[in-house]
Amino acid sequence: MASTSAVGKAEWREGDSCLALHPTHGILREATIQKLTSSSLNEDTAWVIFKDTNKDVGEDEQEAEAIPVSKLMRPGLRDSLHEKPWFPTSLIDPRLCVPLELSDADEDRVPYTINRYLRAYQQEGIRFIYNNYIRSRGCILGDDMGLGKTVQVIGFLAAVLHKTGTWEDIANNRPQFLKSQQSSEQSNPSKVGFFFF
Numbered sequence: 001m002a003s004t005s006a007v008g009k010a011e012w013r014e015g016d017s018c019l020a021l022h023p024t025h026g027i028l029r030e031a032t033i034q035k036l037t038s039s040s041l042n043e044d045t046a047w048v049i050f051k052d053t054n055k056d057v058g059e060d061e062q063e064a065e066a067i068p069v070s071k072l073m074r075p076g077l078r079d080s081l082h083e084k085p086w087f088p089t090s091l092i093d094p095r096l097c098v099p100l101e102l103s104d105a106d107e108d109r110v111p112y113t114i115n116r117y118l119r120a121y122q123q124e125g126i127r128f129i130y131n132n133y134i135r136s137r138g139c140i141l142g143d144d145m146g147l148g149k150t151v152q153v154i155g156f157l158a159a160v161l162h163k164t165g166t167w168e169d170i171a172n173n174r175p176q177f178l179k180s181q182q183s184s185e186q187s188n189p190s191k192v193g194f195f196f197f
């Protein structure tokens, strides 16, 4: 049985259950690893079959999807990659793991990691801001204190900036000028000096 290592030193084997973003729906779904492959670009790939995607088709007839191993998560993993806040008694309902679609043409949608916590009036507020944005009109979002205006603006910005709300977005959260200096920080020093006292 083949195995591979992912970021975070998680060992994956064929037949393991995992969580992965469905490539067409953008929804975090439970899947089973069918095959593991390695490429010359140092990117391991897992071929997974998503569970309950089509109940009429058996698991043997479903087509496997290629997902980078670094993007797989273990179900029930309790570490820093977990969504915050994390409550041990909370169960995740898969029906809540769907993004809020704002536009089919631009693929603008609020990521499921934010949408799952939004109330109906907050989703309507995000649609209001978005509709004014695409018409190049300004708007004012006003409501009583404590009803979630900030999270509505965060959801709108995540949709317009095409953020997924996953760990990769957080890892790349640096200004451009810092990204350009990253390679110089990792270079070896050219001068070495010794001081004797």
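Residues in the sequence shown are numbered consecutively from 1, following my numbering. Backbone N, C-alpha and C define an ideal beta-carbon position, used for all residues, glycine too. Keep in mind the model is a prediction, meaning the values are calculated, not measured.
Note on the stretch 99–170: whole beta strand (DSSP E) runs with a minimum of 3 residues are 100–103, 108–110, in chain order.
Shortest Cα-Cα distance from valine 160 to any of Gln123, Glu107, Ser136 involves Glu107. Distance check between valine 110 and each of Gln34, Asp16, Gly15, Gly26 places Gly26 closest, using alpha-carbon atoms only. Inclusion of tyrosine 117 and phenylalanine 156 in the CB contact set at 7 Å is not warranted, their separation being larger than that value.
For phenylalanine 50, the number of other beta carbons within 10 angstroms of its own is at least 16, and it is reported as buried. With fewer than 16 other beta carbons inside 10 angstroms of its own, leucine 147 counts as exposed. By the Cβ neighbour-count rule, tyrosine 121 is exposed, with fewer than 16 other Cβ atoms within 10 Å of its own. In the DSSP assignment, glutamate 11 falls within the unbroken beta strand (DSSP E) covering 11–13. Serine 17 has Thr32 as its beta-bridge partners, per DSSP. Taking C-beta separations shorter than 7 Å and ignoring five residues to either side along the sequence, the partners of alanine 31 in its chain run Cys18, Ala20, Val48, Ile49, Phe50, Lys51, following chain order. Under the three-state reduction of DSSP, serine 70 is assigned to helix. By the CB criterion at 7 Å, proline 68 and glutamate 43 fall inside the cutoff. Taking a 10 Å sphere around the C-beta of methionine 145, we find fewer than 16 other C-beta atoms and assign the residue as exposed.
Residue environment for proline 75: exposed (fewer than 16 other C-beta atoms within 10 angstroms of its C-beta).
Rounded to the nearest whole angstrom, the C-alpha separation of glutamate 14 and serine 39 is 17 Å. Annotation: cysteine 139 to lysine 163 spans about 23 Å, alpha carbon to alpha carbon.
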